[in-house]
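Visitor: First the structure, then my questions, so here it is.
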Ligand SMILES: [Zn+2]
């Protein structure tokens, strides 16, 4: 009996060794957990661990963001996140590998290759925007959030979405798409929490039902020209802000967090 037990023990240890070996192999490819969009919401909203923030924007040649997009991103993040030592943008022209049609996995892989530092970098929280040439696999998608800290914005598709009247203009679309994707990194709407306010669009999960919120689904869709005539929303609405304030105050539970206080 004792010998049998020893064999079972040895086998189970062997099995554990195999399993941890597999985990180790995955760890080598992906050196840190990348999480889901919203997975670093508390890290942005609170300043316990991360007292400053950097938004790294890596763009292809001729795909640099508009100055108005950079200004607006900083303004919107500053409205909701607590970063006493400031929020800054690092712009970097980058030669991405030639990809005409991007998948979410392409974005994840290239984001990992290009980002200058990990999302949790000492006391600095780093979010990361890719602005490559080419389109997303679903060409109607203007921007995408692929994990807790990485998003991509497809400028070629944004240019194509501008109608003849330039209402809205490609610049205005880029402004709104950038804030919309940052909103997904902030966990909007109901991505990592359940709002006490009824403002999630049932037909478009994690989007606002209010077409005056930047989190309205059509903001990241090439069909936006047919839905908005003229001005696009480029700000979070009161319900979005109330969700973020509740999360910040810990009145609302946040799930799937890569960092918690
Ligand atoms: Zn969206």
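Numbering (the working numbering), first residue to last: 1 to 261.
Don't be surprised by glycine CBs; every beta carbon is placed ideally from N, CA and C.
Note that the coordinates shown come from a computational prediction; the quantities given were computed from them, not determined experimentally.
With H, G and I counted as helix, E and B as strand and the rest as coil, what does DSSP make of residue 30?
Guide: Translated into the one-based positions of the chain shown, residue 30 becomes position 30. Residue confidence for residue 30 is low, a pLDDT of 48 falling below 50, so the modelled location carries little weight and cannot support an answer.
Visitor: To the nearest angstrom, report how far apart residue 53 and residue 118 are at their CA atoms.
Guide: What you label residue 53 is simply residue 53 of the chain shown in a count that begins at 1. What you label residue 118 is simply residue 118 of the chain shown in a count that begins at 1. If you take the alpha carbons of residue 53 and residue 118, they lie about 12 Å apart.
Visitor: Taking the Cβ atom as the reference point for each residue, do residue 116 and residue 181 lie within a distance shorter than 8 Å?
Guide: By one-based count along the chain shown, residue 116 stands at place 116. By one-based count along the chain shown, residue 181 stands at place 181. Against a cut-off of 8 Å, the Cβ pair of residue 181 and residue 116 comes out as no contact.
Visitor: Among all the DSSP beta bridges, which residues are the ones paired with residue 58?
Guide: By one-based count along the chain shown, residue 58 stands at place 58. In the DSSP output, where bridge partners are listed per residue, residue 58 has 92 and 130.
Visitor: Going straight from the alpha carbon of residue 59 to that of residue 132, what length do you get?
Guide: In the chain shown, counting from the first residue as 1, residue 59 sits at position 59. In the chain shown, counting from the first residue as 1, residue 132 sits at position 132. Each residue's Cα considered, the two are about 6 Å apart.
Visitor: Which residues in the same chain have their Cβ closer than 8 Å to the Cβ of residue 220, if we skip the five residues on either side of it in sequence?
Guide: Walking along the chain shown from the start, residue 220 turns up at place 220. Excluding sequence neighbours, residue 220 sits near 141, 142, 143, 144, 177, 180 and 181.
Visitor: Between which residues of its own chain and residue 80 is the CB-CB distance below 6 Å, once the five residues before and five after are set aside?
Guide: On the chain shown, residue 80 is found 80 positions in, with the first residue counted as 1. Here the set comprises 244.
Visitor: Out of 235, 240 and 168, point me to the one whose CA is closest to residue 227's CA.
Guide: Residue mapping note: residue 227 aligns to position 227 of the chain shown, counting from 1. Of the listed residues, the one whose Cα sits closest to residue 227 is 168.
Visitor: Using 8 Å as the cut-off, can you tell me whether the stretch 192 to 212 makes contact with the stretch 229 to 244, which would need three or more C-beta pairs spanning the two stretches below that distance?
Guide: Judged by Cβ distances under 8 Å, the stretch 192 to 212 makes contact with the stretch 229 to 244, as three or more pairs qualify.
Visitor: Considering only the alpha carbon of each residue, which of 136, 149 and 78 lies closest to residue 111?
Guide: Position 111 of the chain shown, counted from the first residue, corresponds to residue 111. Closest by alpha carbon: 149.
Visitor: Are the beta-carbon atoms of residue 36 and residue 147 separated by less than 8 Å?
Guide: Numbered from its first residue, the chain shown carries residue 36 at position 36. Numbered from its first residue, the chain shown carries residue 147 at position 147. Yes, they are a contact pair.
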